[in-house]
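Heads up: the sequence shown at position 239 corresponds to 238 in numbering that gives the first Met the number 0, and the numbers run straight through without jumps.
The beta carbon of each residue, even a glycine, is placed where N, CA and C say it ideally should be.
No experiment lies behind these values; they were computed from the predicted model shown.
Here the structure is laid out as structure tokens; the discussion comes afterwards.
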Amino acid sequence: MALYLPDPDGPDPADLIEAFGAELAARYTAAEQVLAEAIAKRAYVILALQAQADGELAGTLAAQQRLQQLAMARLTALRELQRTAEREVARIRQAGLAEKLVREAARYGEAAAVAQLGLARRLPNRAPITATSSSAIAQLTLDLTSRLETVNARILRYPQDAYQQIISETAPINLLGGETRLRVQQIAVQRFLADGIDGFTDRADRRWRIGTYAEMAGRTATQRAYQDAGVWRMQQSGVNLVTVVRGLDSCKKCAGWSGKILSTSGDPSDVIVPHAIEDRTVAVRVDGTVQDARNAGWGHPNCRCQLVAYLPGLTIPQDATTYNPKAEAERERQRALERRVRAAKRDASTAGDQVARQRALRDVKDAQGDLRSFLAETGRKRASYREQLHFADGK
């Protein structure tokens with residue numbers, strides 16, 4: 000049975016969940032980048048062979064040989080790309096990230112709750128994960144695993160989809176001649192690869208790329224594991240009230256729940272509870288249940304808000320705050336600039352020639368310059384890791 004000590008100086012929950020999501024994003028965007036570079040390399044070879052075949056006089060032996068060479072190159076490329084995709088998926092599955100991250104988040108969440116409750120001297124210093132909390136962890140692990148398998152299936156389909164799409168997009172360009180045709184075809188390949196592996200649409204009709212979707216799924220599952228494990232530990236100690244601590248740039252749906260006192264037992268009635276440090280009772284006005292908040296949109300995917308134990312006499316609910324559209328808009332603008340940096344880097348990594356690569360590298364510098372100017376203007380903190388190709392942007 001796993002045991003762990005409460006850590007009052009443990010990591011900030013928002014940073015912890017961010018790190019969990021980033022780890023998943025890094026794995027999947029790395030796989031995406033491997034495939035993108037492999038596809039670009041083979042696509043440029045096939046386009047060059049196509050140009051050579053088109054240059055031969057139709058019906059001649061040389062033309063037939065060129066066409067045979069082209070057909071063999073296409074078949075080989077598709078087979079090699081499929082093997083690459085299978086290898087990347089196998090590597091991801093072997094890592095067992097879903098169980099690892101959910102269990103780690105639950106441990107931190109329960110330890111944080113133990114530390115909070117320990118201030119009221121109501122818990123021992125050591126707390127085991129019992130079968131009850133483990134069952135919740137198992138369900139969250141299963142849910143995250145299912146989501147990631149959807150991503151894995153998309154990776155496995157990507158070589159075939161990419162091949163067909165590139166062929167269809169570059170075929171009309173064959174009407175052009177010589178170097179102009181080859182250059183335009185290379186640009187078409189880059190444009191397609193810049194879109195990455197997408198195809199994920201949620202219930203709000205938002206489209207996600209592979210890394211973004213994996214990051215969102217990871218953040219959501221680990222955030223829920225952190226909260227549920229903490230709530231479970233509180234309930235084991237007789238504490239059924241929590242208060243909401245919102246993220247600094249939270250959305251409109253979440254801001255309204257800041258500082259609210261919620262019931263974790265499902266009963267929204269006002270209650271009389273013992274004072275945390277004095278020998279008396281306190282009447283507490285309950286604003287609703289945790290499920291009420293979730294039904295109203297709080298705790299949505301990528302939400303950064305937290306639940307902390309409400310202990311009368313110790314816990315001071317966060318001041319009621321109004322929605323700050325400027326803060327949310329600045330966050331969204333920063334994310335857009337970070338995506339622009341990554342897009343330029345991706346263009347550089349899949350460029351068909353040195354000229355295109357140098358152009359993409361200039362775009363990287365321009366995008367980074369715009370990002371630095373924006374951060375200097377707003378005072379927001381730069382997150383350089385979000386500008387790397389291995390990162391996928393979640394909200």
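Check whether the Cβ atoms of residue 29 and residue 246 lie closer than 8 Å to each other. Against the sequence shown, residue 29 aligns to sequence position 30. Against the sequence shown, residue 246 aligns to sequence position 247. No.
Would the beta-carbon of residue 403 fall within 8 Å of that of residue 209? Summary: the structure shown does not reach residue 403, with the chain confined to residues 0 through 394, and so no result is reported for it.
Which residue's Cα is closest to the Cα of residue 26: 333, 223, 363, 217? Taking the first residue of the sequence shown as position 1, residue 26 is located at position 27. Of the listed residues, the one whose Cα sits closest to residue 26 is 217.
Bridge partner(s) assigned by DSSP for residue 273: As a position in the sequence shown, residue 273 is number 274, starting the count at 1. Paired residue(s): 280.
DSSP beta-bridge partners of residue 288: Here residue 288 refers to the residue found at position 289 of the sequence shown. Answer by DSSP bridge pairing, in chain order: 262.
Contained alpha helix (DSSP H) runs [length at least 4] in the stretch 186-257, N- to C-terminal order: 209-235, 251-254
Residue 286: which of 304, 267, 303 sits nearest, CA to CA? Sequence index remark: in the sequence shown, residue 286 carries index 287 (1-based). When only C-alpha atoms are compared, the closest one is 267.
Which word fits residue 111, buried or exposed, when buried means at least 16 other C-beta atoms lie within 10 angstroms of its C-beta? Numbered from its first residue, the sequence shown carries residue 111 at position 112. By the 10 Å Cβ count, residue 111 comes out buried.
Would you decide whether residue 271 is buried or exposed? Buried here means 16 or more other CB atoms lie within 10 Å of its CB. The residue labelled residue 271 in the question sits at position 272 within the sequence shown. That one is exposed.
Comparing alpha-carbon positions, which option in 259, 141, 162, 60 lies nearest residue 288? Here residue 288 refers to the residue found at position 289 of the sequence shown. Residue 259 is the option with its Cα nearest to residue 288.
Tell me the rounded alpha-carbon separation between residue 353 and residue 73. Residue mapping note: residue 353 aligns to position 354 of the sequence shown, counting from 1. Residue mapping note: residue 73 aligns to position 74 of the sequence shown, counting from 1. If you take the alpha carbons of residue 353 and residue 73, they lie about 24 Å apart.
So what's residue 305 in DSSP terms, helix, strand or just coil? Start at 1 with the first residue of the sequence shown, and residue 305 comes out as number 306. Looking at residue 305 - three-state DSSP - the assignment turns out to be strand.
So residue 139 and residue 223 are supposed to be a Cβ contact under 8 Å. How far apart are they, rounded? Locating residue 139 in the sequence shown gives position 140, counting from the first residue. Locating residue 223 in the sequence shown gives position 224, counting from the first residue. Yes, they are in contact, since the Cβ atoms of residue 139 and residue 223 sit about 6 Å apart, within 8 Å.
Would you call residue 257 buried or exposed, if buried means 16 or more other Cβ atoms sit within 10 Å of its Cβ? The residue given as residue 257 occupies position 258 in the sequence shown. Classification of residue 257: buried, given that the 10 Å Cβ count is 16 or more.
If you draw a straight line from the C-alpha of residue 467 to the C-alpha of residue 191, how long is it? An answer regarding residue 467 cannot be provided, because it is not within the stretch 0 to 394 covered by the chain.
Using the C-alpha atoms, what's the distance from residue 329 back to residue 379? Here residue 379 refers to the residue found at position 380 of the sequence shown. Here residue 329 refers to the residue found at position 330 of the sequence shown. Rounded to whole angstroms, residue 379 to residue 329 spans 8 Å at the Cα level.
Please classify residue 380: does DSSP put it in a helix, a strand, or coil? On the sequence shown, residue 380 is found 381 positions in, with the first residue counted as 1. Residue 380 falls in the coil class under three-state DSSP.
Assess, as a yes-or-no matter, whether the stretch 58-71 is touched by the stretch 29-39 under the definition of 3 or more beta carbon pairs within less than 8 Å. no
DSSP three-state call for residue 348: helix, strand or coil? Here residue 348 corresponds to residue number 349 of the sequence shown, with the count starting at 1. If DSSP states are grouped into helix, strand and coil, residue 348 belongs with the helices.
Work out the CA separation of residue 193 and residue 243 for me, nearest whole Å. Sequence index remark: in the sequence shown, residue 243 carries index 244 (1-based). Sequence index remark: in the sequence shown, residue 193 carries index 194 (1-based). Approximately 39 Å, taken between the alpha carbons.
When you compare the stretch 157-168 with the stretch 73-91, are there three or more beta-carbon pairs, one atom per stretch, that lie closer than 8 Å? yes
Identify whether residue 11 lies in helix, strand or coil by the three-state DSSP scheme. Along the sequence shown, one-based indexing puts residue 11 at 12. In the structure shown, residue 11 sits in coil (DSSP, three-state: anything other than H, G, I, E or B).
Is the Cβ-Cβ distance between residue 214 and residue 23 less than 8 Å? What you label residue 214 is simply residue 215 of the sequence shown in a count that begins at 1. What you label residue 23 is simply residue 24 of the sequence shown in a count that begins at 1. For residue 214 and residue 23, yes; Cβs fall inside 8 Å.
Given a threshold of 16 other Cβ atoms within 10 Å of its Cβ, counted over all protein chains shown, does residue 262 qualify as buried or as exposed? Taking the first residue of the sequence shown as position 1, residue 262 is located at position 263. Buried.
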